[in-house]
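Here the structure is laid out as structure tokens; the discussion comes afterwards.
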Amino acid sequence: MLFTGTHIHKLDRKGRVSVPKRFRAALEPEEFAGIYLYQSHKESALEGCSHSHMERIAASLDELDMFSDEADDLADTILGSSHMLPYDGEGRIILPAELIEFARIEDQVAFVGRGRTFRLWNPDIFKPLQEASRTRTLNRGATLKLKPVSELPKGARPGAPNEEDAS
1 MLFTGTHIHK LDRKGRVSVP KRFRAALEPE EFAGIYLYQS HKESALEGCS HSHMERIAAS
61 LDELDMFSDE ADDLADTILG SSHMLPYDGE GRIILPAELI EFARIEDQVA FVGRGRTFRL
121 WNPDIFKPLQ EASRTRTLNR GATLKLKPVS ELPKGARPGA PNEEDAS
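Per UniProt numbering, numbering through the sequence shown is continuous, rising by one, with the last residue being 167.
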């Protein structure tokens with residue numbers, strides 16, 4: 001599952017927005033037909049992910065000391081504010097008013113891929129931030145070390161069957 005690209009979709013008066021087809025396709029094997037969204041703790045954006053990614057977040061929280069302030073704060077911030085948003089028959093979700101207000105979304109929503117997750121933005125807010133990120137990346141000469149194919153998860157290896165295919 002890989003979320004890539006920036007896709008801008010119209011938000012209707014009822015708060016409905018179409019989830020990009022590519023994103024829905026990446027989420028197909030999930031047990032929940034929809035997406036999870038929660039408020040970003042870093043940006044005026046919404047963090048989006050699949051059911052399996054939300055399971056990974058919960059498992060990471062289980063690694064923290066039970067009843068610690070850090071565990072409580074992260075659980076409240078992520079799990080406590082997350083919304084399970086199912087698709088309707090046309091691949092749309094209904095954004096709750098509190099999320100629309102938090103992300104200052106008006107009439108359009110930018111779905112921005114971030115690999116295993118994605119963000120929802122007001123496109124007018126995201127555009128200058130994306131340009132600033134590009135400038136910082138160029139100025140730093142930032143690069144990536146690509147993982148060897150042998151270290152990729154089974155379904156992500158070129159030519160390898162997905163885990164679902166193996167069963």
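The beta carbon of each residue, even a glycine, is placed where N, CA and C say it ideally should be.
To the nearest angstrom, how far is the alpha carbon of residue i from that of residue j?
{"i": "Asp-73", "j": "Gln-39", "result": "14 Å"}
{"i": "Asp-165", "j": "Pro-29", "result": "Model confidence at Asp-165 stands at a pLDDT of 40, short of 50, so the residue's coordinates are unreliable; what they give is reported in the following sentence. Whole-angstrom Cα-Cα distance: 11 Å."}
{"i": "Leu-99", "j": "Ile-78", "result": "13 Å"}
{"i": "Ala-45", "j": "His-53", "result": "18 Å"}
{"i": "Glu-43", "j": "Arg-136", "result": "17 Å"}
{"i": "Ile-57", "j": "Met-84", "result": "14 Å"}
{"i": "Asn-139", "j": "Asp-88", "result": "44 Å"}
{"i": "Asp-69", "j": "Asp-62", "result": "13 Å"}
{"i": "Leu-11", "j": "Pro-96", "result": "12 Å"}
{"i": "Ala-142", "j": "Gly-80", "result": "35 Å"}
{"i": "Pro-148", "j": "Ser-50", "result": "25 Å"}
{"i": "His-41", "j": "Leu-144", "result": "25 Å"}
{"i": "Leu-128", "j": "Thr-6", "result": "The sequence shown places Pro at residue 128, not Leu. Rounded to the nearest angstrom, the two C-alpha atoms are 14 Å apart."}
By Cβ distance, which residues of its chain are closer than 6 Å to residue i, with the 5 residues on each side in sequence left out?
{"i": "Arg-22", "result": "none"}
{"i": "Leu-27", "result": "Ser-50"}
Could you check whether residue j and residue i sit closer than 8 Å to each other, using their CB atoms as the reference points?
{"i": "Gly-48", "j": "Arg-119", "result": "yes"}
{"i": "Lys-14", "j": "Ile-94", "result": "yes"}
{"i": "Ile-35", "j": "Gln-108", "result": "no"}
{"i": "Pro-86", "j": "Ala-33", "result": "yes"}
{"i": "Ser-18", "j": "Glu-90", "result": "yes"}
{"i": "Phe-126", "j": "Pro-20", "result": "no"}
{"i": "Arg-104", "j": "Asn-122", "result": "yes"}
{"i": "Asp-65", "j": "Ala-71", "result": "yes"}
In chain order, what residues of the same chain have a beta carbon less than 8 Å from the beta carbon of residue i, not counting five sequence neighbours either side?
{"i": "Ser-82", "result": "Tyr-36, Leu-37, Tyr-38, Met-54"}
{"i": "Ser-167", "result": "Reliability fails at Ser-167, whose pLDDT of 34 lies under 50, so the model's placement of it is uncertain and no value is given."}
{"i": "Glu-31", "result": "His-51"}
Please return the same chain residues whose Cβ sits closer than 7 Å to the Cβ of residue i, not counting the five positions on each side in sequence.
{"i": "Arg-114", "result": "Phe-3"}
{"i": "Ala-75", "result": "Leu-61"}
{"i": "Glu-106", "result": "Asn-122"}
Across which residues does DSSP place residue i in a beta bridge pair?
{"i": "Gln-130", "result": "DSSP lists no partner for Gln-130."}
{"i": "Ile-8", "result": "Ala-110"}
{"i": "His-83", "result": "Leu-37"}
{"i": "Ser-50", "result": "According to DSSP, Ser-50 bridges with nothing at all."}
{"i": "Ser-18", "result": "Arg-92"}
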